[in-house]
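Per my numbering: the sequence shown = residues 119 to 907. Backbone N, C-alpha and C fix where the C-beta goes; we use that ideal spot for every residue, glycine too. Please read the structure below before turning to the comments.
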Amino acid sequence: MLVMAVLYFGREVFVPLALAALLSFLLVPASALLERLGIRRAPAALIVVFVSLAAIAALGWVMLGQVYNLAVELPQYQQNITQKIDSLHLHSAGRLSNTLAMLSEESRQLRGGVAPATAPALPDAPRPHIRSRSRAVSDPSKDQLSVQNDQPVTVRVELPEESFINLANRTVTPLIHPLTTTFAVVVFLAFMLVGREDLRDRGIRLAGRGRMHVTTSAIEDAGRRVGRYLRMQLIVNVVFGTVAGLSLWLIGVPNPLLWALLICVLRFIPYIGIFLAAAGPLLLSLAVSPHWNVLLWTAIMFLMLELIAGNIVEPLLYSSSTGLSPIAVLIAAIFWTLLWGLPGLLLSTPLTVCLVVIGRQVPQLQYLDVLFGDETALPPSERFYQRLLSSNTHEARALLQGLLATQPRDQVYDSVVIPALTLIEESRHAEEMTSTRAEEVLQSVEELTEDITSHSSLSEPPTSNTPKLIVCVPARDLADEIACQLAAHILSPASIVRVISADTATSDVLQTLDSLHPDAICVVGVPPQSLRHIRLRCNQVRAHLPQAAIFACLLSEECDLSNIRSRVSTEDAQHVVCSLHLMEEYLSSLLYPATQPDEHAQKSDDVVEDKQNLSEPLFEMQGGNIVDESEEGAFQRLATNLARSYDAPIALVTAAHNERRFWEAKCGLPDDALSFADTMHDPSVLTRLVSTESILVIPDTAEDPRSADEPFFRQFGIRFYAGMPLKSHDGTVIGSLCVLDTRPRQISEKQKEMLVWITEVVTTAIELQKATPSPEPTVETASDSFRQI
119 MLVMAVLYFG
129 REVFVPLALA
139 ALLSFLLVPA
149 SALLERLGIR
159 RAPAALIVVF
169 VSLAAIAALG
179 WVMLGQVYNL
189 AVELPQYQQN
199 ITQKIDSLHL
209 HSAGRLSNTL
219 AMLSEESRQL
229 RGGVAPATAP
239 ALPDAPRPHI
249 RSRSRAVSDP
259 SKDQLSVQND
269 QPVTVRVELP
279 EESFINLANR
289 TVTPLIHPLT
299 TTFAVVVFLA
309 FMLVGREDLR
319 DRGIRLAGRG
329 RMHVTTSAIE
339 DAGRRVGRYL
349 RMQLIVNVVF
359 GTVAGLSLWL
369 IGVPNPLLWA
379 LLICVLRFIP
389 YIGIFLAAAG
399 PLLLSLAVSP
409 HWNVLLWTAI
419 MFLMLELIAG
429 NIVEPLLYSS
439 STGLSPIAVL
449 IAAIFWTLLW
459 GLPGLLLSTP
469 LTVCLVVIGR
479 QVPQLQYLDV
489 LFGDETALPP
499 SERFYQRLLS
509 SNTHEARALL
519 QGLLATQPRD
529 QVYDSVVIPA
539 LTLIEESRHA
549 EEMTSTRAEE
559 VLQSVEELTE
569 DITSHSSLSE
579 PPTSNTPKLI
589 VCVPARDLAD
599 EIACQLAAHI
609 LSPASIVRVI
619 SADTATSDVL
629 QTLDSLHPDA
639 ICVVGVPPQS
649 LRHIRLRCNQ
659 VRAHLPQAAI
669 FACLLSEECD
679 LSNIRSRVST
689 EDAQHVVCSL
699 HLMEEYLSSL
709 LYPATQPDEH
719 AQKSDDVVED
729 KQNLSEPLFE
739 MQGGNIVDES
749 EEGAFQRLAT
759 NLARSYDAPI
769 ALVTAAHNER
779 RFWEAKCGLP
789 DDALSFADTM
799 HDPSVLTRLV
809 STESILVIPD
819 TAEDPRSADE
829 PFFRQFGIRF
839 YAGMPLKSHD
849 GTVIGSLCVL
859 DTRPRQISEK
869 QKEMLVWITE
879 VVTTAIELQK
889 ATPSPEPTVE
899 TASDSFRQI
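Here's what the structure looks like:
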């Protein structure tokens, strides 16, 4: 309330300041262009302001001329207006009003107990003309006086002559406030253009040096969004006004240039601007023709243009740039209009954009982004979960069907249904939901997915000539069984899938597996407490079926293959997956290698995550010795992010130091991998593979002669290898970066480029550390080199 009071009572200052800031977003690119041409900042800003004022003055002069011409031509349209009024038969409306008044009077008298007069109204009878005997002789003087009294008397009112002071007070006083506001806007605008860098630095200093990154991001984001919004709106308004002006000229409405300019200006005002702009042409079209066709065509023209602009052009050009929801724009318009009047309505959208940007950058003000931002308040998974909790299966089904219409089934299951199952399990384990209620919600999920699948075209017989048999075994409970059913929906078009019930005893599960002889066994579980059950179930199956192909499937929205691989040994499960999409890829590449498309080579650039995921650990490595214990955390995060970027379960960083070679960091391998490597007398087998090439990719290590006999690959079930050597400037191999997988696969050219880039950064850090003994210069030099790369 205090902030609102300050904004309201200080509006005489805040309104010009906000208008100047709004115009500065629009004019900063022009000022910056002049500065790049060699003009200093202050003259460039003044030139931009002067040119803008001159353009506004020229437009005002043109509009005044058009208004004068219109005022001169208006009297000739009086006859058309009179004919239209007569054609409306307004006298009928007068008779109707008299009838309504009579009925109202009758009703009032009846309620008051007074009976209305029932005698019919008779015409007045003629009265006899009786002349008085005493007045038989008329007086001529009196007759003349009577005639004079019947004539109208002319009355002239003479006002006193108005003084110059009163005239000035009546004409100049109303202009003082708009002129002072305009002058303040121009002054503020000039100072903002000249000192924009200083204002930005002061804002950063006010927010605190510790929040410099957040403040800088907020300022840049707000400037980019507001500037683009204003530029796009200016373009749309100019095009709208031009088309409207040409259309009015073709229709025959006078002064189309005047209306085109007014439309360009007034459409900047949200909601009411178009009505103000259309009012003049509509009223004028009513007068220019005795017929109604001109008015009809003018109304149709405005309606069609506004529908096209408001529903197609504007959403396409700048709706996403503002980042505001439609209801937020409406609320902002009402709020700022009540606070500052018409200027507040004009400024409502840019001001709210700034508030939303601040809410996105400042955690304490995140509620602003939630309330006014265009992003959905809840992600689809949480919306689906909430609909299930409220027993609103109709909306839950509509949500899934809407997503399935635009996205692949495995993606919808991985991003919506599996997270919902996880939320149900978390609530049950946290005792926020009873077991009975959790079972009811899980049954709703099962029924929904089964119903949608039964009506889907994907529910069809296997497409392969020799379909493989896949058995899905739930790790423990009903949620894991539903996850198995989801996997069956994904795998069933190409394979025969059998799902074992979660209530089946372990002995019966093993007996069923022994009798079916499946080609693959998928042990499926849902977080948060299913990993140990998956590991136990895989161990039981492995003990009973030593030669079976077992997949440990921990389905989670936060897919971390390396974490699962490090906690589930290769002896228990040859492969680990963390999503239904990866499960399908793994099974297809292993069970149907001849028909498996080269998906990874065909993926677009967006398959690789942003380089920022790998930049932080790379930056930290540049500050210290490449083999120091203090840098192990950075190397470990590098290996983890490397595995995630390539959807691989294993990533390694090997290093050589003083004739000693070892694992600098590993991701996805158990701790005994180091002891196994020590027994090989040459633990740098991965380094030897890339010692003679820049980058080496082996799609299937079991088929390639260079790796088919490697004990390390056979021990840990490695079927795919991609590596890049760490070479010094003289060509010496000092280590390697390796990405490993337990299935045959390919990687795209973009992924290869990413691996080369990472290797160059790590090599640069090592070389700078060796060349610079002092730690402080090394950090700065390495940082500069890192930024250049």
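Note down the Cα distance separating residue i from residue j, rounded to an integer number of angstroms.
i	j	result
V167	A761	55 angstroms
L507	Q692	38 angstroms
R527	A593	23 angstroms
T688	L698	20 angstroms
T571	A757	39 angstroms
F306	V371	40 angstroms
R158	L171	20 angstroms
C696	Y704	11 angstroms
M422	I369	15 angstroms
Q504	A514	9 angstroms
Q482	R685	38 angstroms
V694	H547	25 angstroms
I652	T622	15 angstroms
S252	T200	At S252, the pLDDT of 45 sits below 50, so the modelled position is not reliable and the matter cannot be decided from this model.
F132	A302	10 angstroms
I449	F393	19 angstroms
A136	W454	12 angstroms
N287	V169	32 angstroms
S509	V488	25 angstroms
P292	T298	11 angstroms
P843	T877	7 angstroms
P408	L402	12 angstroms
P278	V290	21 angstroms
L709	H635	14 angstroms
D319	I294	35 angstroms
Looking only at its chain, what residues have a beta carbon closer than 7 angstroms to the beta carbon of residue i, apart from the 5 residues adjacent to it on each side?
i	result
A427	V354 and F358
V255	Because V255 carries a pLDDT of 47, less than 50, the predicted location of this residue cannot be relied on, and the following value inherits that uncertainty. For V255, where only same-chain residues beyond five positions count, there are no Cβ hits under 7 angstroms.
T125	Sequence inspection shows Leu at residue 125; the Thr mentioned does not correspond to that position. Answer for L125: F132 and L457, listed in chain order.
E432	V354
G391	L384 and R385
T860	Q692, H693, P767, G835, I836 and R837
According to the Cβ coordinates, are residue i and residue j closer than 8 angstroms?
i	j	result
L654	L596	no
P862	D822	no
L873	A840	yes
V475	P498	no
Q479	V344	no
V644	V591	no
N373	Q184	yes
A605	M701	yes
L469	L486	no
R129	W458	yes
S674	T511	no
H662	D632	yes
L164	A308	yes
W415	G398	no
L517	R501	yes
Beta-carbon within less than 6 angstroms of residue i's beta-carbon, same chain only, minus the 5 sequence neighbours each way: which residues are those?
i	result
L522	V530
I816	D822, S825 and Y839
E599	P592 and A620
W846	Note on residue identity: the sequence assigns Ser, not Trp, to residue 846. Result list for S846: I852, in chain order.
If residue i and residue j are in contact, beta carbons under 8 angstroms, what's the gap, nearest whole angstrom?
i	j	result
S613	I588	5 angstroms
P646	E544	6 angstroms
L679	L770	Not quite, the Cβ-Cβ distance comes to about 14 angstroms (not below 8 angstroms), so this is no contact.
Y195	A405	4 angstroms
Y764	I836	About 14 angstroms separates the two Cβ atoms, so there is no contact after all.
T630	Q603	Not quite, the Cβ-Cβ distance comes to about 17 angstroms (not below 8 angstroms), so this is no contact.
S149	A162	5 angstroms
What does a CB cutoff of less than 8 angstroms around residue i pick up in its chain, not counting 5 residues either side in sequence?
i	result
I496	The sequence given here has Leu at residue 496, not Ile. These residues qualify, in order along the chain: Q504.
M181	L376, L379 and L380
If we count Cβ pairs, one from each stretch, closer than 8 angstroms, do we get three or more for the stretch 132 to 149 versus the stretch 338 to 352? yes
Check whether the stretch 176 to 196 and the stretch 385 to 396 touch, using three or more Cβ-Cβ pairs below 8 angstroms as the test. no
Touching or not, the stretch 441 to 448 and the stretch 486 to 498, by the rule of three or more beta carbon pairs under 8 angstroms? yes
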